[in-house]
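Below you'll find the structure, written out as structure tokens, and then a few comments.
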Amino acid sequence: MSEQDTDAPGSAEPSHLTSTFERGSFCLARCSCGWSGPARRSRDLARTDAATHPQPSAAPAA
Ligand SMILES: [Zn+2]
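What follows is the structure in structure tokens.
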């Protein structure tokens, strides 16, 4: 038997938990980081948006 890793102890980085939900005949994607994608007519497109959404990381500004 193998143990199941539920959480990574000591990791403080915010995880991007994306999910899709339907709104009318459109499908939208949103992430736990607060990001939300545009309304898509395809769930696959919405999921692609979620997978490639810009991640707001702490970029060292000049
Ligand atoms: Zn995110």
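Using the UniProt record's numbering, the letters of the sequence shown map in sequence onto residues 1 to 62. Heads up, the beta-carbon is just placed ideally off N, CA and C, and yes, glycines get one too.
Within 10 Å of its beta-carbon, does residue i have 16 or more other beta-carbons around it, so buried, or fewer, so exposed?
{"i": "ALA50", "result": "buried"}
{"i": "LEU28", "result": "buried"}
{"i": "GLY37", "result": "buried"}
Can you tell me whether residue i is helix, strand or coil according to DSSP?
{"i": "ALA50", "result": "helix"}
{"i": "ARG43", "result": "helix"}
{"i": "SER15", "result": "coil"}
Which first and last residues belong to the beta strand (DSSP E) in which residue i is found?
{"i": "SER19", "result": "18-23"}
Taking DSSP's pairing of strands, which residues face residue i in a bridge?
{"i": "LEU28", "result": "PHE21"}
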